[in-house]
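Asker: Chains as they are written, first to last, in the working numbering: chain F, 41 to 226; chain G, 696 to 988.
1) Assuming residue 798 of chain G contacts residue 809 of chain G under a Cβ cut-off of 8 angstroms, what Cβ separation, rounded to an integer in Å, is found between them?
2) Run through DSSP, which three-state label would residue 699 of chain G get?
3) Excluding the 5 residues preceding and the 5 following residue 42 of chain F in the sequence, name in chain order all residues of the same chain whose CB lies nearer than 8 angstroms to its CB.
4) Give the straight-line distance between the Cα atoms of residue 165 of chain F and residue 880 of chain G, rounded to the nearest whole angstrom.
5) Determine which residues share a DSSP beta bridge with residue 813 of chain G and list them.
6) Here's the rule: buried if 16 or more other CB atoms are within 10 angstroms of the residue's CB, otherwise exposed. What is residue 953 of chain G?
7) Consult DSSP for residue 162 of chain F and reduce its assignment to one of helix, strand or coil.
8) Check for me: the beta strand (DSSP E) holding residue 913 of chain G runs from which residue to which?
9) Going along chain F, which residues have a C-beta under 9 angstroms from residue 897 of chain G?
10) Strictly under 8 angstroms for the Cβ-Cβ distance: is residue 194 of chain F near chain G by that measure?
11) Name the chain F residues whose beta carbon is nearer than 7 angstroms to that of residue 902 of chain G?
12) Is the segment 155 to 172 of chain F close to the segment 181 to 196 of chain F, with three or more CB pairs under 8 angstroms?
13) Let me see if you follow: with CB-CB separation under 8 angstroms, is residue 183 of chain F close to chain G or not?
14) Which one of G:915, G:851, G:768, G:750 has the shortest CA to CA distance from residue 975 of chain G?
15) For residue 899 of chain G, which of helix, strand or coil comes out of DSSP?
16) Rounded to a whole number of angstroms, what is the C-alpha to C-alpha distance between residue 837 of chain G and residue 844 of chain G?
17) In the DSSP assignment, find the alpha helix (DSSP H) that holds residue 308 of chain F and state where it starts and stops.
18) Which ranges would you report for the beta strand (DSSP E) in the segment 742 to 766 of chain G if only whole runs of at least 3 residues count?
19) Taking just the CA atoms, how far does residue 83 of chain F sit from residue 175 of chain F?
20) Residues of chain F with a CB under 9 angstroms from the CB of residue 894 of chain G: which are they?
21) Who are the neighbours of residue 210 of chain F on chain G, taking C-beta pairs under 7 angstroms?
22) Of the choices G:924, G:949, G:862, G:951, whose alpha-carbon is the least far from that of residue 933 of chain G?
23) Who are the near neighbours of residue 872 of chain G in its chain, counting only those whose CB is closer than 6 angstroms to its CB and skipping five residues on each side?
24) Just the Cα atoms here: how many angstroms apart are residue 786 of chain G and residue 145 of chain F?
25) Per DSSP, which one or two residues make a beta bridge with residue 831 of chain G?
26) Name, please, each residue of chain C whose Cβ falls closer than 7 angstroms to the Cβ of residue 914 of chain G.
27) Hey, is the segment 186 to 197 of chain F in contact with the segment 903 to 915 of chain G, meaning 3+ C-beta pairs nearer than 8 angstroms?
28) Tell me residue 61 of chain F's beta-bridge partners as DSSP assigns them.
29) So residue 886 of chain G contacts chain F; which residues on that side make the cut at Cβ distance below 9 angstroms?
30) Just to confirm before moving on: does the CB-CB distance between residue 723 of chain G and residue 745 of chain G stay below 8 angstroms?
31) Can you check whether the CB of residue 898 of chain G is closer than 8 angstroms to the CB of residue 919 of chain G?
32) Could you please give the first and the last residue of the uninterrupted beta strand (DSSP E) stretch that includes residue 936 of chain G?
33) Buried or exposed: residue 126 of chain F, going by 16 or more other Cβ atoms within 10 Å of its Cβ?
34) In chain order, what residues of the same chain lie with their CB nearer than 6 angstroms to the CB of residue 67 of chain F, ignoring the 5 residues before and after it?
35) Counting only the same chain and skipping the five closest in sequence on each side, list residues whose C-beta sits under 6 angstroms from that of residue 92 of chain F.
36) Excluding sequence positions up to five away, which residues of its chain have a Cβ less than 8 angstroms from the Cβ of residue 752 of chain G?
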């Protein structure tokens with residue numbers, strides 16, 4: 041075969057592989073950005089949940105002292121939720137919030153007047169809404185993580201992922217046992 | 696005799712005329728073709744029979760249509776008022792085509808018809824609905840000339856429900872249609888493979904899609920699809936929810952030669968339950984979807 045043809049084929053192959061590498065790398069980076077966006081969505085939702093819960097703790101301080109104290113412990117995280125928190129730490133943060141909230145739920149059971157209070161009902165509605173948003177943020181994050189993880193482990197995309205040092209992302213696990221406790225139904 | 700029985704009697708009388716007129720017309724044509732070609736007497740007789748048959752069919756049809764109209768205006772109107780809070784039923788009215796286009800997934804129609812308009816409130820959630828039929832014009836060029844005809848591409852129910860809740864972005868969940876919108880919709884996948892097989896999800900905001908379509912809602916949307924076979928589309932736009940079910944039928948259809956009795960009324964009520972189902976299935980009646988005053 042003519043050496044020029046061989047050279048052209050090799051150059052062509054290199055160009056094709058190079059283009060594929062760039063396209064794949066960009067796609068992976070875009071997915072990574074989507075995961076980061078979803079991650080920040082969880083941060084926003086967790087912060088909102090914290091804010092809503094702090095209002096609830098304020099409104100029920102006289103009825104649920106233990107929970108108010110528990111909440112103080114969470115408050116040290118308040119500046120809480122720094123950017124460098126790992127997914128595991130965020131889950132722990134959420135676990136603490138769940139603990140406080142379920143404690144309040146149990147405590148106010150003995151106070152029908154409080155349960156009927158319009159401010160309290162509004163706070164509950166607001167917490168319900170925030171909880172829905174947190175669940176949505178968690179599901180969106182996990183969906184994006186699932187997509188990128190599938191790409192990272194699939195050949196030949198896995199080669200590009202390895203070359204740009206992209207590793208599998210961690211899921212945000214729902215704590216189903218605790219979540220069941222948190223079901224706000226006064 | 697109660698009101699329903701009197702409607703059934705009127706319906707039966709109308710059907711009887713059609714039942715007699717139809718065969719009479721057919722027999723007269725057969726008579727004309729078989730033995731009347733050479734006999735003037737038979738031709739006249741066949742003609743008279745044919746005329747009688749056609750007149751009976753016309754009288755029967757007019758009586759049937761009048762009965763249907765009376766039944767809807769005087770009977771169903773009251774029933775729907777009982778079934779739905781602040782329920783209003785207008786048999787001859789319907790939503791405008793522009794109202795239907797607001798769902799932003801309905802294709803452009805060349806001919807549109809709507810009827811059986813209902814509005815009211817269920818568990819505090821306002822809604823309105825009607826039967827709609829959308830058709831597109833087809834033009835066929837043949838050696839004999841040009842033929843224009845209309846082909847229906849949507850026949851079914853259209854619902855508009857107040858969402859009472861502000862959400863960012865827009866969402867459409869469609870079986871076969873595609874967004875007909877200027878909004879920057881993009882297709883996304885939900886976590887459920889089964890759901891993604893049935894519905895395509897288009898949104899302008901990923902978070903909104905996951906917020907509105909919870910796993911429970913996915914299951915309920917799948918159940919709606921199973922219970923109401925046809926082409927289904929949901930849209931969540933500007934604090935309104937739209938639902939379109941292309942099932943090739945009317946919600947409050949009265950058919951000829953089928954009894955109009957309590958069982959049929961129960962079937963209407965059951966059909967009507969769909970609106971309630973939709974509101975419940977989508978949790979629109981729950982506090983999270985209700986306006987907090």
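The beta-carbon is built from N, C-alpha and C at its ideal position, and this holds for glycine as well.
Answerer: Short version:
1) Translated into positions along the second chain, residue 798 of chain G becomes position 103. Translated into positions along the second chain, residue 809 of chain G becomes position 114. Not quite, the Cβ-Cβ distance comes to about 14 angstroms (not below 8 angstroms), so this is no contact.
2) For the purposes of this step, residue 699 of chain G is taken as the residue at position 4 of the second chain. It is helical.
3) Here residue 42 of chain F refers to the residue found at position 2 of the first chain. None.
4) Position 125 of the first chain, counting from 1, holds the residue named residue 165 of chain F. Position 185 of the second chain, counting from 1, holds the residue named residue 880 of chain G. Cα-Cα distance, rounded: 30 angstroms.
5) Stepping through the second chain from its first residue, residue 813 of chain G is reached at position 118. Partner(s): G:784, G:824.
6) As a working note, residue 953 of chain G is residue 258 in the second chain. It counts as exposed.
7) Within the first chain, residue 162 of chain F is the residue found at index 122, counting from 1. Correct three-state label for residue 162 of chain F: helix.
8) Residue mapping note: residue 913 of chain G aligns to position 218 of the second chain, counting from 1. Counting along the chain, residue 913 of chain G falls outside any beta strand (DSSP E), though it belongs to the alpha helix (DSSP H) covering 910 to 922.
9) By one-based count along the second chain, residue 897 of chain G stands at place 202. Going along chain F, no residue has its Cβ under 9 angstroms from residue 897 of chain G, so there is no contact; the nearest lies around 15 angstroms.
10) Within the first chain, numbered from 1, the residue matching residue 194 of chain F stands at position 154. Not one chain G Cβ lies under 8 angstroms of residue 194 of chain F.
11) For the purposes of this step, residue 902 of chain G is identified with residue 207 of the second chain, where counting begins at 1. Those within 7 angstroms of residue 902 of chain G in chain F are 81, 176, 177, 180.
12) no
13) The residue given as residue 183 of chain F occupies position 143 in the first chain. So yes, residue 183 of chain F belongs to the interface.
14) Position 280 of the second chain, counting from 1, holds the residue named residue 975 of chain G. Answer by Cα proximity: G:915.
15) Walking along the second chain from the start, residue 899 of chain G turns up at place 204. Here residue 899 of chain G sits in coil by DSSP.
16) In the second chain, the residue the question calls residue 837 of chain G occupies position 142. In the second chain, the residue the question calls residue 844 of chain G occupies position 149. Near 13 angstroms, if we compare the C-alpha coordinates of residue 844 of chain G and residue 837 of chain G.
17) The structure shown does not extend to residue 308 of chain F, since chain F spans only 41 to 226, so no value can be given for it.
18) none
19) The count along the first chain starts at 1 and reaches residue 175 of chain F at position 135. The count along the first chain starts at 1 and reaches residue 83 of chain F at position 43. Those two C-alpha atoms are separated by around 12 angstroms.
20) Residue mapping note: residue 894 of chain G aligns to position 199 of the second chain, counting from 1. What residue 894 of chain G touches in chain F: nothing, since even the nearest Cβ is about 15 angstroms away.
21) For the purposes of this step, residue 210 of chain F is taken as residue 170 along the first chain, with counting starting at 1. Result: empty, since nearest Cβ-Cβ is about 17 angstroms, beyond 7 angstroms.
22) If you number the second chain from 1, residue 933 of chain G lands on position 238. Cα-wise, what sits closest to residue 933 of chain G is G:862.
23) Working through the second chain from its first residue, we reach residue 872 of chain G at position 177. Excluding sequence neighbours, residue 872 of chain G sits near 800, 928.
24) Start at 1 with the first residue of the second chain, and residue 786 of chain G comes out as number 91. Start at 1 with the first residue of the first chain, and residue 145 of chain F comes out as number 105. Between residue 786 of chain G and residue 145 of chain F, the C-alpha separation is close to 50 angstroms.
25) On the second chain, position 136 is the one that residue 831 of chain G refers to. Partner(s): G:846.
26) Looking at the structure shown, chain C is missing, and the protein chains on hand are F and G.
27) no
28) Walking along the first chain from the start, residue 61 of chain F turns up at place 21. Its beta-bridge partners do not exist; DSSP assigns none.
29) Locating residue 886 of chain G in the second chain gives position 191, counting from the first residue. Result: 179, 182, 183, 186.
30) Your numbering for residue 723 of chain G matches position 28 in the second chain. Your numbering for residue 745 of chain G matches position 50 in the second chain. Going by C-beta atoms, residue 723 of chain G is nearer than 8 angstroms to residue 745 of chain G.
31) Taking the first residue of the second chain as position 1, residue 919 of chain G is located at position 224. Taking the first residue of the second chain as position 1, residue 898 of chain G is located at position 203. It is not a contact, given that the beta carbons lie outside the stated cut-off.
32) Counted from its first residue, the second chain places residue 936 of chain G at position 241. Here the beta strand (DSSP E) through residue 936 of chain G covers 935 to 941.
33) In the first chain, the residue the question calls residue 126 of chain F occupies position 86. When all chains shown are included, residue 126 of chain F counts as exposed.
34) By 1-based counting over the first chain, the position of residue 67 of chain F is 27. So no residue of the chain qualifies.
35) Here residue 92 of chain F is taken as the residue at index 52 of the first chain, counted from 1. The residues are 166, 167, 170.
36) As a working mapping, residue 752 of chain G is identified with position 57 in the second chain. So the list reads 712, 713, 716, 717, 720, once near-sequence residues are dropped.
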